[in-house]
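Trainee:
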Amino acid sequence: MDTVDYLKFGFIPSLLDKQLPMCLVCNQVLSNDAMKPSKLEDDHLRRCHLDKIFNFNKIN
């Protein structure tokens, strides 16, 4: 997954390991298992940031 793909889900590649996603909200680096787009959005954002509203799809 490249940077644009991560970004539309609210993640960027980790600074230490470009293969892992890092949350833009809390800077948490997730595991390889979390790299599936459905897991990025559903698991982390909804579980950890449910009180925040984000629309990362509007980012070009």
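With UniProt numbering, the residue at position 40 of the sequence shown is 40, and numbering never jumps. All residues carry an ideal CB built from backbone N, CA and C; glycine is no exception.
1) My understanding is that H44 touches L30, with C-beta atoms under 8 Å, so please give their C-beta distance in whole angstroms.
2) Thinking just about the alpha-carbon of each residue, which of C26, I12 and L15 is nearest to the one in L50?
3) With distances taken Cα to Cα, identify the nearest neighbour of L15 among T3, F9 and K8.
4) Quick one: residues in its chain with C-beta nearer than 7 Å to the C-beta of R46, no 5 flanking neighbours on either side, listed in chain order?
5) On a CA-only basis, which of N32, G10 and D33 is nearest C48? Give me that one, please.
Mentor: Well, looking at it:
1) 6 Å
2) C26
3) T3
4) none
5) G10
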